[in-house]
Amino acid sequence: MDKSQSTLRRFGMSAIAAGAILFASGQASAAEEGTDLGEKLLYEGKVHEHVVELKELLGENDLLDATHSFDSTFDAHTAEAVRNFQAENDLLVDGLPGVQTLGALSELSHGDTGYLVEELQKDLAELGLYGFNIDGIFGPITEEALVIFQSNHGVTEDPQGVAGPETYAALHEVTSRYNPGVNQTEPAQEAAPAEEPVVEEPVQEEVPAEEPVAEETPAEEPVVEEPAQEEAPAEEAVQAESTTEAAQATSNETDGTTLNMEATAYTAYCEGCSGVTFTGIDLRSNPDQKVVAVDPDVIPLGSIVEVEGYGRAVAGDIGGAIQGNKIDLFMPSREDALNFGRQNVSVTIVETP
């Protein structure tokens, strides 16, 4: 979805004002242009056109006021506003606007299109409520599936058919996006639509005429849901300091790499520990967050990694003994850390800043 257009419309901004904001975001990396909000990692120090859209959404929710600069730089005020929104709405508090936070801020509804809608459709498909193509069009089929999910999970604070904060908080509990350990072998238990869904019509407003958006059409096989476990991963990667565009390009070359690493475990309550990671994650306040300590020369800080037997985590910490192909996994208790001991694991770098 072209969320910049959607956001600016909600604010009732003029074309001149919109142009000024988009011009201010011209410092963003050319390699990342043309993507939808949510596709690129945003973190403190990041300069990107999507930061402008994020700030507008935060402003719409009264979390940033006119005294703050609505430019393309993700500053400390922006990170704090994101954390406040997450805390107020029972979302994972990490200061990182991932799919969950951006979707909740955007309050997706009928007529929206783009990446965030695609990700919502994937979640609903996993629950067995949406058995159609993942096309990024929020039409009547997506809306019907969302309404059923909200009814099944007691979502009452969000308007019916609108994916707001309470909806995303509920999705957090039952989908593998946020719980990688969700069992992948049993079928979904959610109630599916009883009637033949209405065929979706293309969205005309934000799609170029020469490339019309396809209608929502039935997929070959619907994706099914599995029962969730209790652990909750980090929503997105953490980045404490700004990096240059050249460094980012180098980091991106590691995406998809799988490493064999020696893994140990640690807690937030060891002697001399503050409970706050190198990148600022408060582990004592977020004991369920998946965080790993890495050697930044091997895995860039802020990366999302998939650790064998541990799940998807944020590379958000460092350690004096963590050099080379070594990794330290955060555990909520000392007992868990001791039980883990020392193991050799496969670590896949899913995405880098």
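Mapping of the sequence shown onto the working numbering: residues 1154 to 1506, in sequence order.
Virtual Cβ for every residue (Gly too), placed ideally from N, Cα, C.
In this text the structure is predicted, and so the values were computed from the model without any measurement.
Can you determine whether any heavy atom of the ligand HEM sits closer than 7 Å to the C-beta of Glu1197, and answer yes or no? As for the ligand HEM, it is missing from this structure, which has no ligand bound.
In chain order, what residues of the same chain have a beta carbon less than 7 Å from the beta carbon of Arg1487, not counting five sequence neighbours either side? The residue labelled residue 1487 in the question sits at position 334 within the sequence shown. Only residues of its own chain outside the window of five on either side were considered, and among them Thr1420 and Tyr1422 have a CB closer than 7 Å to the CB of Arg1487, listed in chain order.
Helix, strand or coil for Ala1323? Go by DSSP, reduced to three states. Position 170 of the sequence shown, counting from 1, holds the residue named residue 1323. DSSP places Ala1323 in the helix class (H, G or I) of the three-state scheme.
With DSSP as the reference, label Lys1479 as helix, strand or coil. By 1-based counting over the sequence shown, the position of residue 1479 is 326. Reduced to three states, the DSSP call for Lys1479 is strand.
How many Å lie between Pro1426 and Asp1435 at the Cα? Counting from one through the sequence shown, the residue named residue 1426 turns up at place 273. Counting from one through the sequence shown, the residue named residue 1435 turns up at place 282. The amino acid at residue 1426 is misidentified as Pro; the sequence shows Cys. Looking at the two C-alpha atoms, the distance is approximately 11 Å.
Should Pro1506 be labelled buried (16 or more other beta-carbon atoms within 10 Å of its own) or exposed? On the sequence shown, residue 1506 is found 353 positions in, with the first residue counted as 1. Pro1506 is buried by the Cβ-count criterion.
Give me the DSSP bridge partner(s) of Arg1465. Against the sequence shown, residue 1465 aligns to sequence position 312. For Arg1465, which the question treats as bridged, DSSP gives the partners Glu1459.
Cβ-based burial, Glu1296 [other Cβ within 10 Å; buried from 16]: Here residue 1296 is taken as the residue at index 143 of the sequence shown, counted from 1. With 16 or more Cβ atoms within 10 Å of its Cβ, Glu1296 is classed as buried.
Between which two residues does the alpha helix (DSSP H) harbouring Ala1278 extend? Taking the first residue of the sequence shown as position 1, residue 1278 is located at position 125. Segment Tyr1268 to Glu1279, the alpha helix (DSSP H) holding Ala1278.
Relative to the C-alpha of His1230, which candidate in Arg1330, Leu1211 and Asp1448 has its C-alpha closest? Start at 1 with the first residue of the sequence shown, and residue 1230 comes out as number 77. Of all alpha-carbon atoms in Arg1330, Leu1211 and Asp1448, the one lying nearest the alpha-carbon of His1230 is that of Leu1211.
Please report how far the alpha carbon of Glu1241 lies from the alpha carbon of Leu1277, in whole angstroms. Walking along the sequence shown from the start, residue 1241 turns up at place 88. Walking along the sequence shown from the start, residue 1277 turns up at place 124. Whole-angstrom Cα-Cα distance: 24 Å.
Please state whether the Cβ-Cβ distance between Val1204 and Leu1195 is less than 8 Å. Numbered from its first residue, the sequence shown carries residue 1204 at position 51. Numbered from its first residue, the sequence shown carries residue 1195 at position 42. Using a Cβ distance threshold of 8 Å, Val1204 and Leu1195 count as a contacting pair.
DSSP state of Phe1493, grouped into three classes? Here the question's residue 1493 lines up with position 340 in the sequence shown. Helix.
Distance, Gly1428 Cα to Gly1477 Cα: Taking the sequence shown and counting its residues from 1, one reaches residue 1477 at position 324. Taking the sequence shown and counting its residues from 1, one reaches residue 1428 at position 275. Rounded to the nearest angstrom, the two C-alpha atoms are 24 Å apart.
Please report the straight-line C-alpha distance between Glu1209 and Phe1223, rounded to a whole angstrom. For the purposes of this step, residue 1209 is taken as the residue at position 56 of the sequence shown. For the purposes of this step, residue 1223 is taken as the residue at position 70 of the sequence shown. Going by the C-alpha atoms only, they are around 7 Å apart.
Keeping to the same chain, check which residues put their C-beta closer than 7 Å to that of Leu1324; ignore five residues upstream and five downstream. Along the sequence shown, read from residue 1 onward, the residue named residue 1324 stands at position 171. Leaving aside the five residues that flank Leu1324 on each side, the residues in its chain whose CB is nearer than 7 Å to its CB run, in chain order, Asp1276.
Below 8 Å on the Cβ atoms is my guess for Leu1269 versus Thr1254; work out the distance and round it to an integer in Å. The residue you call residue 1269 lines up with position 116 of the sequence shown. The residue you call residue 1254 lines up with position 101 of the sequence shown. Wrong, their Cβ atoms sit about 11 Å apart, outside the cutoff.
Ile1471 versus Glu1461, Phe1483, Leu1207 and Gly1462, residue with shortest Cα-Cα distance: Taking the sequence shown and counting its residues from 1, the one referred to as residue 1471 is at position 318. Phe1483 is the residue among Glu1461, Phe1483, Leu1207 and Gly1462 whose C-alpha sits nearest the C-alpha of Ile1471.
For Leu1211, name the three-state secondary structure that DSSP assigns. By one-based count along the sequence shown, residue 1211 stands at place 58. Leu1211 carries a helical assignment under DSSP once its states are collapsed to helix, strand and coil.
Closer than 8 Å by C-beta to Glu1271: which residues in its own chain qualify, once you throw out the five before and the five after it? Chain order, please. If you number the sequence shown from 1, residue 1271 lands on position 118. The residues are Ile1287, Asp1288 and Gly1289.
Flag this pair as yes or no: are the beta carbons of His1263 and Phe1291 separated by less than 8 Å? Numbered from 1 along the sequence shown, position 110 holds the residue referred to as residue 1263. Numbered from 1 along the sequence shown, position 138 holds the residue referred to as residue 1291. With contacts defined by Cβ atoms closer than 8 Å, His1263 and Phe1291 form a contacting pair.
Is the separation between the beta-carbon of Val1308 and that of Glu1319 shorter than 8 Å? Locating residue 1308 in the sequence shown gives position 155, counting from the first residue. Locating residue 1319 in the sequence shown gives position 166, counting from the first residue. The answer is yes: Cβ separation under 8 Å.
Of the residues Asp1265, Ala1234 and Pro1485, which one's Cα is nearest the Cα of Pro1250? Taking the first residue of the sequence shown as position 1, residue 1250 is located at position 97. For Pro1250, the nearest C-alpha among the options comes from Ala1234.
For Phe1238, tell me which candidate among Ser1225, His1221, Ser1259 and Leu1412 has the shortest Cα-Cα distance. Taking the sequence shown and counting its residues from 1, one reaches residue 1238 at position 85. Phe1238 has its Cα closest to that of Ser1259, out of Ser1225, His1221, Ser1259 and Leu1412.
Alpha-carbon to alpha-carbon, Gly1409 and Ala1184: Position 31 of the sequence shown, counted from the start, is the residue given in the question as residue 1184. Position 256 of the sequence shown, counted from the start, is the residue given in the question as residue 1409. Note on Ala1184: pLDDT 39, under 50, position unreliable in the model; the coordinate value appears next. When rounded, the distance between both Cα atoms is 19 Å.
Asn1492 classed as buried or exposed, judged by whether at least 16 other C-beta atoms fall within 10 angstroms: Locating residue 1492 in the sequence shown gives position 339, where the first residue counts as 1. Asn1492 comes out exposed.
Answer with buried or exposed for Gln1312, where buried requires no fewer than 16 other C-beta atoms within 10 angstroms of its C-beta. As a working note, residue 1312 is residue 159 in the sequence shown. Inspection of the sequence shows that residue 1312 is occupied by Pro rather than by Gln. Looking at its Cβ environment, which holds fewer than 16 other Cβ atoms inside 10 Å, Pro1312 is exposed.
From the DSSP output, in three-state form, read off Phe1291 for me. Taking the sequence shown and counting its residues from 1, the one referred to as residue 1291 is at position 138. In this structure, DSSP gives Phe1291 a state outside helix and strand, which the three-state scheme calls coil.
Residue nearest to Ala1468 in terms of C-alpha spacing, selected from Glu1310, Val1503 and Ala1257: Looking up residue 1468 in the sequence shown gives position 315. Closest option to Ala1468, Cα to Cα, is Val1503.
Following the continuous alpha helix (DSSP H) through Ala1139, name the residue where it begins and the one where it ends. Examination of residue 1139 is not possible in this model, given that the chain is present from 1154 through 1506 alone.
From Gly1433, Lys1193, Gly1256 and Ser1438, pick the residue whose C-alpha is nearest to that of Ala1232; which is it? Here residue 1232 is taken as the residue at index 79 of the sequence shown, counted from 1. It is Gly1433 whose Cα lies nearest to the Cα of Ala1232.
DSSP state of Ser1499 mapped onto helix, strand, coil: Within the sequence shown, the letter at position 346 stands for residue 1499. Assigned with DSSP and collapsed to three states, Ser1499 falls in strand.
Which value, in whole angstroms, describes the spacing of the CA atoms of Thr1501 and Gly1464? The residue labelled residue 1501 in the question sits at position 348 within the sequence shown. The residue labelled residue 1464 in the question sits at position 311 within the sequence shown. In a straight line, the C-alpha of Thr1501 is about 10 Å away from that of Gly1464.
Can you confirm whether Thr1295, when its beta carbon is compared against all beta carbons of chain B, has any partner nearer than 8 Å? Reference to chain B is not applicable here, since this structure consists of a single protein chain.
Taking 8 Å as the cut-off, decide whether the C-beta atoms of Val1246 and Arg1236 are in contact. As a first step, residue 1246 must be located in the sequence shown, where it is residue number 93. As a first step, residue 1236 must be located in the sequence shown, where it is residue number 83. Taking a C-beta distance under 8 Å as the contact criterion, Val1246 and Arg1236 qualify as a contact pair.
Do Val1460 and Val1498 come within 8 Å of each other at the CB atom, strictly closer than that value? Position 345 of the sequence shown, counted from the start, is the residue given in the question as residue 1498. Position 307 of the sequence shown, counted from the start, is the residue given in the question as residue 1460. Cβ atoms of Val1498 and Val1460: closer than 8 Å.
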